Amino acid sequence: MLLLGCPFLNYGQDSSLIELIKQGIAFHDEGEYERAIEFYQKALKIDPASSLANYELSLTYLSLEDYKKAEKYSKKVIKSNDEYVLHGYMNYGTALDMQGKAQKAIKAYEKGMQDNDHYLLSYNHALTCYNQGEMSKAKQSAIKAINNNPSHASSHLILSKIMEKSGERIKAMLPLYYFLLLEPNTDRAKVEYGTLNRLLNFGVQQTSEQNINISIPIREQSEFSAAEMMISLTAATNIQEKKEGKTPLELFSANNDQIFKILGELKKEQQDFMWSFYVPFFHDLAKEDLTEIYSYYISLSIGEEIFQWIDEHPDDFKKFEEWFSK
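Numbering (full-length UniProt numbering), first residue to last: 1 to 326.
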């Protein structure tokens, strides 16, 4: 679950109330949660209906893993129905989910989403639906989160997980490619880099020196059938090319370039989110001859050799940065 940061303090409120809340926030940020609660409770004595004090209390109780009290105070924020209501729904849904009340959490997020078009509400809804096996809802909310904030890496990652769970290999790979672009060098990037390579090589197995088995995962009426076949055949070819001295990163880059180009050629009149968001982005990247630097960049989590390669190609990396920042 992801939570919103501290909302803006409304300085039109009672100054003593604001001062108490500010002190509570300072203690919360230092990890002194019990002290923070003392100040929030003092603030509530001044104004029992203060949605900000109730919000901060719910957030601190979440940090203490006291989800029952977090639920109690976040409900008060929602009841106030003021500028902090979005924060209330975020904490309320999280508190419910952490108590094992996933269906109630989903309903809470959906209620909040009716009036608050915020990417974190959509993301948390997608994540909870995914964990409950409600893939259609999860997919819709993940896409909504991405449309609202394309730079939110976790939204791309959850969409990838949803599509992989649904058995859609390429639709799982595309958001994963984008996730690694946004977050190339973290602990979870290292894990998901492995996931991407597993998906690239799925269904290809060398059974002997001369024999390679290929199982192409093509779904009925899949618009990605041609690309699925190309990926599996390329993975099989890689086995021979490794013997000829090509490095894994050279093969990774070449494979990505092929994938991005063939998807761009297949796009035509496709209007699905995958075709309208990811495919044009990566096809343009390939047309600009940036796939190699991109492939090395998203491989940062695997070791120092990647940093060294990028340091040795400053002009390529600058061109890549300029293109991405447009």
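C-beta: ideal position from N, C-alpha, C; glycine also.
Model, not experiment: these values are computed from the prediction.
*E322: which of I306, E312, L290 and L300 sits nearest, CA to CA?*
L290
_Start and end residues, alpha helix (DSSP H) containing N185_ = In the DSSP assignment, N185 falls outside any alpha helix (DSSP H), carrying neither H nor E.
*Where G167 falls: helix, strand or coil (DSSP)*: coil
_Burial state of F307, where buried means 16 or more other Cβ atoms lie within 10 Å_ = A residue is called buried once 16 or more other Cβ atoms fall within 10 Å of its Cβ, and F307, having fewer, is exposed.
*Looking at the structure shown, is E220 part of a helix, part of a strand, or coil, going by DSSP?*
Here E220 scores only 47 on pLDDT, less than 50, and its place in the model is too uncertain to base an answer on.
*asked:* Quick check on this structure: which residue in N197, E288, D284 and Q99 has the alpha carbon closest to the alpha carbon of P248?
replied: N197
_Alpha-carbon to alpha-carbon, G264 and V279_ = Roughly 6 angstroms between the two C-alpha positions.
*Buried versus exposed, by CB contacts within 10 Å (16 or more), K76*: buried
*Go to I280, then tell me how far its alpha helix (DSSP H) extends in each direction, as first and last residue.*
Going by the sequence as given, residue 280 is Pro instead of Ile. Unbroken alpha helix (DSSP H) run through P280: V279 to K287.
*Between the Cα of K171 and those of L159, F179, L180 and L182, spot the shortest distance and give me the residue it belongs to.*
Minimum Cα distance to K171 is reached at L159.
*Between the CA atoms of I46 and A126 - distance to the nearest angstrom*: 38 angstroms
*Are the beta-carbon atoms belonging to T60 and H87 less than 8 angstroms from one another?*
no
*Give me the Cα-Cα distance between M274 and E65, rounded to the nearest whole angstrom.*
38 angstroms
*How many whole angstroms separate the CB atoms of I298 and P150, which I take to be in contact at a CB cut-off of 8 angstroms?*
Actually they do not touch by this definition, with Cβ atoms about 16 angstroms apart.
*Is DSSP giving P175 helix, strand or coil here?*
helix
*Beta-carbon gap between F260 and F282 smaller than 8 angstroms*: yes
*Would you kindly report the start and end of the unbroken alpha helix (DSSP H) that includes Y61?*
Looking at the DSSP string, the run of the alpha helix (DSSP H) that includes Y61 is S51 to S63.
*Grab me the residues of A36's own chain with a C-beta within less than 6 angstroms of its C-beta, minus the 5 sequence neighbours each way, in chain order.*
G24, F27, H28 and T60
*For A49, count neighbouring Cβ atoms within 10 angstroms of its own Cβ and tell me buried if that reaches 16, exposed if not.*
Residue environment for A49: exposed (fewer than 16 other C-beta atoms within 10 angstroms of its C-beta).
*Report all residues from its chain with a CB closer than 6 angstroms to the CB of H118; omit the five preceding and five following residues, and keep chain order.*
L86
*So Y92 and L52 are in contact, right, with Cβ under 8 angstroms, and what is the actual spacing, rounded?*
Their Cβ separation, rounded to whole angstroms, is 15 angstroms, which puts Y92 and L52 out of contact at 8 angstroms.
*So is F324 buried or exposed if we call it buried at 16+ other beta carbons inside 10 Å?*
exposed
*Report, in whole angstroms, the separation of the C-beta atoms of Y193 and S295, which I expect to be a contact under 8 angstroms.*
The pair is not a contact, with the Cβ atoms about 11 angstroms apart (cut-off 8 angstroms).
*Measuring alpha carbon to alpha carbon, tell me which of E292, S276 and F277 ends up nearest A254.*
E292
*To which residues of the same chain is residue 339 closer than 8 angstroms at the C-beta, ignoring the five residues directly before and after it?*
No statement about residue 339 is possible, as the shown extent of the chain runs from 1 to 326 and does not include it.
*Take R188 as the anchor and find which of Y130, S154 and N116 has the nearest alpha-carbon.*
S154
*Please list the segments of the beta strand (DSSP E) lying wholly inside the segment 93-174, counting only runs of 3 or more residues, in order along the chain.*
Counting whole runs of 3 or more residues, the segment 93-174 contains no beta strand (DSSP E) stretch at all.
_Where E38 falls: helix, strand or coil (DSSP)_ = Note: E38 maps to helix in three-state DSSP.
_Once DSSP output is grouped into helix, strand and coil, what is the label at S45?_
Here residue 45 turns out to be Lys, not Ser, going by the sequence shown. Helix, per DSSP.
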